[in-house]
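Protein chains in written order, with our numbering: chain A, -5 to 109; chain B, 21 to 131.
C-beta: ideal position from N, C-alpha, C; glycine also.
Remarks on the structure that follows.
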Amino acid sequence: NAGVTQTPKFQVLKTGQSMTLQCAQDMNHEYMSWYRQDPGMGLRLIHYSVGAGITDQGEVPNGYNVSRSTTEDFPLRLLSAAPSQTSVYFCASRPGGGRSTDTQYFGPGTRLTVL
Amino acid sequence: GNSVTQMEGPVTLSEEAFLTINCTYTATGYPSLFWYVQYPGEGLQLLLKATKADDKGSNKGFEATYRKETTSFHLEKGSVQVSDSAVYFCALGGSQGNLIFGKGTKLSVKP
């Protein structure tokens, strides 16, 4: 199993550009989520999905869109990049739709810089 | 709302020293508690977890006990190694199925 994969690893954008961060998992996990990691802030939840076709907002959803058309993929779209979105983005997945006791598996991250 | 507070870093120790990283939480109910570790340039990995009060999670020489009375989940290791240098995150299970993280504690172990 490849686990949770993310592409790209690094990205530089200009203000106003859009892009999609890719996330895929091959463990047949129902639950997938996106976090952003900022210095001194820990990780904060952006969006999450409890299964294909179902998504919901987390703590910091503004400026981001998600969709979940398949169990495996959960892309994160930046609609119009802003410098405040400079961060490291992590995708995570776990088995089980709603329970929070399962281990979450994290991807290697995407480091995004918005100029 | 639910939250996690962990000790500020960085923490610098000599090899074979004893490690404690404090973590306390605020939550309604009794959520599961976790310690995740992030090695340089990598994503987060589960280190250990506890799902109910008085449970002890352990892995790779690290331990933490779920203390309901003190709302704590302190991480301990009796003898750290250089390879333990990383950032450690305390987290609790959130109502959205997510993890609510502390700010992280950077540990550096010197030979």
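Status (buried if at least 16 other CB within 10 Å, exposed otherwise) for residue i
i: G63/B; result: buried
i: Y50/B; result: exposed
i: G47/A; result: exposed
i: S124/B; result: The displayed chain sequence assigns Gly, not Ser, to residue 124/B. Buried is the call here.
i: Y56/B; result: buried
i: F84/A; result: buried
i: S52/B; result: buried
i: G10/A; result: exposed
i: V102/B; result: exposed
i: G90/A; result: exposed
i: D74/B; result: exposed
i: G61/B; result: exposed
i: S27/A; result: buried
i: L109/A; result: exposed
i: S87/A; result: buried
i: K72/B; result: exposed
i: V100/B; result: buried
i: G34/A; result: exposed
i: K97/B; result: buried
Residue i beta carbon near the ligand SAM (any heavy atom closer than 7 Å)
i: F100/A; result: Among the components modelled here there is no ligand, and therefore nothing to report on the ligand SAM.
Coil, strand or helix - residue i by DSSP
i: V57/B; result: strand
i: D104/B; result: helix
i: Q79/A; result: helix
i: H23/A; result: coil
i: H94/B; result: coil
i: R105/A; result: strand
i: G10/A; result: coil
i: Y99/A; result: strand
i: N22/B; result: coil
i: D75/B; result: coil
i: K88/B; result: coil
i: S63/A; result: coil
i: V54/A; result: coil
i: S99/B; result: coil
Closest by C-alpha distance to residue i, when choosing among the options
i: V82/A; options: P2/A, T9/A, T49/A and M26/A; result: P2/A
i: T49/A; options: Q19/A, S61/A, P69/A and N56/A; result: S61/A
i: N22/B; options: Q58/B, P131/B, C110/B and K130/B; result: C110/B
i: T(-1)/A; options: P102/A, T107/A and R30/A; result: P102/A
i: L73/A; options: T104/A, P55/A and A(-4)/A; result: P55/A
i: S128/B; options: K76/B, A37/B and V24/B; result: A37/B
i: Y108/B; options: L95/B, D74/B and K72/B; result: L95/B
i: G68/A; options: A(-4)/A, L15/A, Q11/A and Q5/A; result: Reading the sequence as shown, one finds Phe at residue 68/A and not Gly. Closest option to F68/A, Cα to Cα, is L15/A.
i: K76/B; options: G61/B, F54/B and Q26/B; result: F54/B
i: G(-3)/A; options: P33/A, T97/A, T107/A and M13/A; result: T97/A
i: G45/A; options: T95/A, R105/A, A18/A and T65/A; result: T65/A
i: V179/B; options: Q65/B, K130/B, G113/B and P131/B; result: In the structure as shown, chain B begins at 21 and stops at 131. Residue 179/B is therefore absent and cannot be evaluated.
Proximal chain D residues relative to residue i, where beta-carbon distance stays under 8 Å
i: T95/A; result: The structure shown contains no chain D; its protein chains are A and B.
N- and C-terminal bounds of the beta strand (DSSP E) containing residue i
i: V6/A; result: F4 to L7
i: F82/B; result: F82 to T85
i: F121/B; result: L119 to F121
i: D50/A; result: I48 to Q51
i: S128/B; result: T125 to K130
i: N59/A; result: Y58 to V60
Query raised in the report: Looking at C-beta atoms only, is the number of pairs between the stretch 26 to 46 of chain B and the stretch 81 to 94 of chain B that lie closer than 8 Å three or more?
Result: yes
Query raised in the report: So, do the stretch 15 to 23 of chain A and the stretch 32 to 43 of chain A have three or more beta carbon pairs nearer to each other than 8 Å?
Result: no
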